Amino acid sequence: PSMGPTFGIKGGAAGGGYAQVVPMDKLNLHLTGDFHAVTAAHNLLAAMLDNHLHHGNSLGIDPRNITWRRALDVNDRSLRNVVIGLGARMDGLPRQTGFDITAASEVMVLLALATSHTDLTERLKRIVVGYSYDGRPVTAEDLGAAGAMAVILKDALSPNLLQTLEGTPALIHCGPFGNIATGSSSVIADLVATRRADIVLTEAGFGADMGAERFMNVKCRIAGLRPDAAVLVVTVRALKAHSGRFRIAPGKPLPPELLAENPDDVRAGIANLRKHIEIIEGFGIWPVVAINAFPDDADSEHQVIKDLCGQLGVKCAVSTHVVDGGAGAQELARVLVDALRHPTRFRFTYESDTPLARKIEAVATQVYGADGVDIAPPAAKALAEYERLGFGDLPVVIAKTHLSISHDPTLLGAPTGWRLPVREVRAAPGAGYVYAICGDIRTMPGLSRHPNAERIDLDETGEILGLS
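Quick look at the structure:
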């Protein structure tokens, strides 16, 4: 968990009730300092970049074409755009830049995708911080920063071993931003787990359209892993939200009418689940639907989900793990184990040698269900330049909203008859992908009027209060 959301709107990420990773407070705050190490390594590179400019700029870096910003693990909208280097001549070269939240740092993603200390160092070397006046990419290796960054990240490369309230081992490692990056745990954590357990559950969050797609096309490609099944977690509340019948605002209580029993509201949003099932099946693996049951759900609402799964021939189970712990997930476990017995035919959405623009189009049409893509001229120019620079064989990540399968958060359910607009494209050669930006994506969140931080405190015994 990033401390930005922990002190902002979302709160922590340790789970809830009896389905929780402990120690919850340490996990949601500093833990072993992995986030701080990423922040420090990121900002060391930024400092060395500006130091290079100050001392004559022998690499010929174009200050107007610098892509490396700074990072901080705090939500702070006022730092999205800043001017640095003000003051006396010895205070640096004045230029405009900004901050991203640490989870959005390329360093965080490449740490999650690295397979060894050697691989980590090589990925750090490939980070592009900007471009020279003649259009040549300038890297962390050109600045002599990669080695020191690797030293800062040496211990952070090791996964953190925690446990659930019932003593099940849980590897917690890295936290790449789900909107613009892979949004899943580290390759190393998965590889360690597969050597220590018969069945490994790993998270690929933010839905099948974002988390699972990137897990399959990026993480599995790099790690050589092949999933045997996918658990799609669905709630009655989420499907009701996708009905479009309710006004839902972040940080505010859900409308009371959404919590009332109404299977018709679930039916109105069920197309969203159908689309997510279709996405998983498109990768050639078996989906298992887990109904994450809330105490105020009604059986009639669960039945709507079960009926759809029955029609599609998909396995489904109600899980009450939050209230009942492992005992509440036994039915789901049995259904999942049964699914694992069926052979799979895993496949990527595109091949590595497919041109970048066609990779973006493949994800948009085959995964999201768009009619096509509209690539803005600056983005098309960037794609052509990345092909020229040798980045054409990299996978792609599409940065978009998590509130819709499309780029538009107002298009709920399973939208059709739309095209994906690509307004900007950026390269992340260190992480090992090119990402297309669709819609308005903020890489430095802001705080709400009354953030969680206002309710967090210490009591006289040193116990943390209000952390969730």
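Residue numbers (our numbering): 111 to 578.
Glycine residues also receive a C-beta, built at the ideal position from the N, C-alpha and C atoms.
If you're wondering where the values come from, they're calculated on a predicted model, not measured in any experiment.
Can you tell me where the alpha helix (DSSP H) with G240 in it begins and where it stops? If you number the sequence shown from 1, residue 240 lands on position 130. In the DSSP assignment, G240 falls outside any alpha helix (DSSP H) and within the unbroken beta strand (DSSP E) covering 238-242.
Rounded C-beta distance between L203 and W178? I'm assuming under 8 Å. Walking along the sequence shown from the start, residue 203 turns up at place 93. Walking along the sequence shown from the start, residue 178 turns up at place 68. A Cβ-Cβ distance of about 14 Å is found for the pair L203 and W178, leaving them out of contact under the 8 Å criterion.
Name the DSSP bridge partner or partners of Q130? Counting from one through the sequence shown, the residue named residue 130 turns up at place 20. In DSSP, Q130 forms a bridge with G125.
Could you tell me how far apart the beta carbons of L220 and G540 are, in whole angstroms, since I believe they sit closer than 8 Å? In the sequence shown, counting from the first residue as 1, residue 220 sits at position 110. In the sequence shown, counting from the first residue as 1, residue 540 sits at position 430. Contact holds; Cβ gap of about 5 Å.
Range of the contiguous beta strand (DSSP E) that encloses I551: Stepping through the sequence shown from its first residue, residue 551 is reached at position 441. Boundaries for I551: no beta strand (DSSP E) harbours it, and the DSSP string shows neither H nor E there.
So A509 packs on I290, CB below 8 Å; how close in whole Å? For this step, residue 509 is matched to residue 399 along the sequence shown. For this step, residue 290 is matched to residue 180 along the sequence shown. About 4 Å; that satisfies the 8 Å criterion.
May I have a chain-ordered list of the alpha helix (DSSP H) segments no shorter than 4 residues that lie completely inside the stretch 404-488? 409-422, 431-434, 440-450, 466-472
Bridge partners of V343, per DSSP? On the sequence shown, residue 343 is found 233 positions in, with the first residue counted as 1. Per DSSP, A400.
8 Å Cβ shell around I415 - same chain, five flanking residues per side excluded: As a working note, residue 415 is residue 305 in the sequence shown. These residues qualify, in order along the chain: V344, V346, L349, V376, I380, L383, V399, I401, C426.
Per DSSP, what are the beta-bridge partners of F209 in this structure? Along the sequence shown, read from residue 1 onward, the residue named residue 209 stands at position 99. The partner list for F209 (beta bridge, DSSP) reads R180.
I'd like to check one pair, I298 with L267: are the Cβ atoms closer than 9 Å? Looking up residue 267 in the sequence shown gives position 157. Looking up residue 298 in the sequence shown gives position 188. Taking the C-beta atoms as reference points, I298 is found nearer than 9 Å to L267.
Going by DSSP, what residue range makes up the beta strand (DSSP E) through I98? Because the chain spans 111 through 578 in this model, residue 98 falls outside it and cannot be assessed.
Inter-residue CB distance, V238 and L169 (contact presumed, cutoff 8 Å): For this step, residue 238 is matched to residue 128 along the sequence shown. For this step, residue 169 is matched to residue 59 along the sequence shown. With 8 Å as the limit, V238 and L169 do not qualify as a contact, their Cβ atoms being about 12 Å apart.
R536 - containing beta strand (DSSP E), residue span: In the sequence shown, residue 536 corresponds to position 426, counting from 1. Per DSSP, R536 belongs to the beta strand (DSSP E) from 534-538.
Which same chain residues end up closer than 6 Å to V432 when comparing Cβ atoms and leaving out the 5 residues on each side of it in sequence? The residue you call residue 432 lines up with position 322 of the sequence shown. G126, G127, A129, listed in sequence order.
Is it right to say T571 is buried, meaning 16 or more other beta carbons lie within 10 angstroms of its own, or is it exposed? For this step, residue 571 is matched to residue 461 along the sequence shown. T571 comes out exposed.
How many Å lie between R233 and M158 at the Cα? Within the sequence shown, residue 233 is the residue found at index 123, counting from 1. Within the sequence shown, residue 158 is the residue found at index 48, counting from 1. Each residue's alpha carbon lies about 18 Å from the other.
Output needed for E411: all residues of its chain with C-beta closer than 6 Å, excluding positions within five of it in sequence on either side, in chain order. On the sequence shown, residue 411 is found 301 positions in, with the first residue counted as 1. Closer than 6 Å at Cβ, skipping near neighbours: V346, P373, V376.
Is the beta carbon of P111 less than 9 Å from the beta carbon of M218? As a working mapping, residue 111 is identified with position 1 in the sequence shown. As a working mapping, residue 218 is identified with position 108 in the sequence shown. Not a contact, by the Cβ cut-off of 9 Å.
Does the stretch 521-539 come close enough to the stretch 476-490 to have 3 or more Cβ pairs within less than 8 Å? Per the Cβ contact rule, the stretch 521-539 is in contact with the stretch 476-490 (3 or more Cβ pairs under 8 Å).
Identified DSSP bridge partners for D567: Here residue 567 corresponds to residue number 457 of the sequence shown, with the count starting at 1. D567 pairs with L575.
Three CB pairs or more closer than 8 Å across the stretch 458-475 and the stretch 430-444: no
Use the C-beta contact count for M259: other C-beta atoms within 10 angstroms, 16 or more gives buried, fewer gives exposed. Position 149 of the sequence shown, counting from 1, holds the residue named residue 259. M259 should be labelled buried.
What would DSSP say about T249, mapped onto helix, strand or coil? In the sequence shown, residue 249 corresponds to position 139, counting from 1. Three-state result, T249: strand.
Report back the beta-carbon spacing between L189 and L182 to the nearest angstrom; my notes put them in contact at under 8 Å. The residue you call residue 189 lines up with position 79 of the sequence shown. The residue you call residue 182 lines up with position 72 of the sequence shown. 7 Å between Cβ atoms; contact.
Shortest alpha-carbon distance to E276 belongs to which of S296, A437, T511, A490? By one-based count along the sequence shown, residue 276 stands at place 166. Among S296, A437, T511, A490, the Cα nearest to that of E276 is on A437.
If the criterion is Cβ atoms closer than 9 Å, does the pair G257 and T231 meet it? Here residue 257 corresponds to residue number 147 of the sequence shown, with the count starting at 1. Here residue 231 corresponds to residue number 121 of the sequence shown, with the count starting at 1. Yes, the Cβ-Cβ distance between G257 and T231 is below 9 Å.
Can the beta-carbon of K362 be found less than 9 Å from the beta-carbon of G479? In the sequence shown, residue 362 corresponds to position 252, counting from 1. In the sequence shown, residue 479 corresponds to position 369, counting from 1. Contact flag unset, no.
Checking 9 Å against the spacing of the C-beta atoms, do V193 and R205 come in under that value? Position 83 of the sequence shown, counted from the first residue, corresponds to residue 193. Position 95 of the sequence shown, counted from the first residue, corresponds to residue 205. Yes, the Cβ-Cβ distance between V193 and R205 is below 9 Å.
Neighbour-count burial assignment, K491, 16 or more Cβ in a 10 Å radius: Against the sequence shown, residue 491 aligns to sequence position 381. Under this definition K491 is an exposed residue.
Return the residue from the list R457, L450, P488, E497 that minimises the CA-CA distance to D463. Taking the sequence shown and counting its residues from 1, one reaches residue 463 at position 353. Closest option to D463, Cα to Cα, is E497.
When we look at the beta-carbon of Y460 and count the other beta-carbons within 10 Å, is it buried (16 or more) or exposed? The sequence position of residue 460 within the sequence shown is 350, counting from 1. With 16 or more other Cβ atoms within 10 Å, it is buried.
How far does the beta strand (DSSP E) with L281 in it reach, from first residue to last? Along the sequence shown, one-based indexing puts residue 281 at 171. Element bounds for L281: 279-282.
By Cβ distance, which residues of its chain are closer than 6 Å to M326, with the 5 residues on each side in sequence left out? Your numbering for residue 326 matches position 216 in the sequence shown. Excluding residues within five positions, the ones whose Cβ falls inside 6 Å are F393.
Spatial neighbours of V302 within its chain, please: CB distance less than 8 Å, with the 5 preceding and 5 following residues excluded, ordered by chain position. Here the question's residue 302 lines up with position 192 in the sequence shown. These residues qualify, in order along the chain: P269, L281.
I'd like the ranges of any alpha helix (DSSP H) spanning at least 4 consecutive residues and lying wholly in the stretch 252-314. 256-262, 297-304
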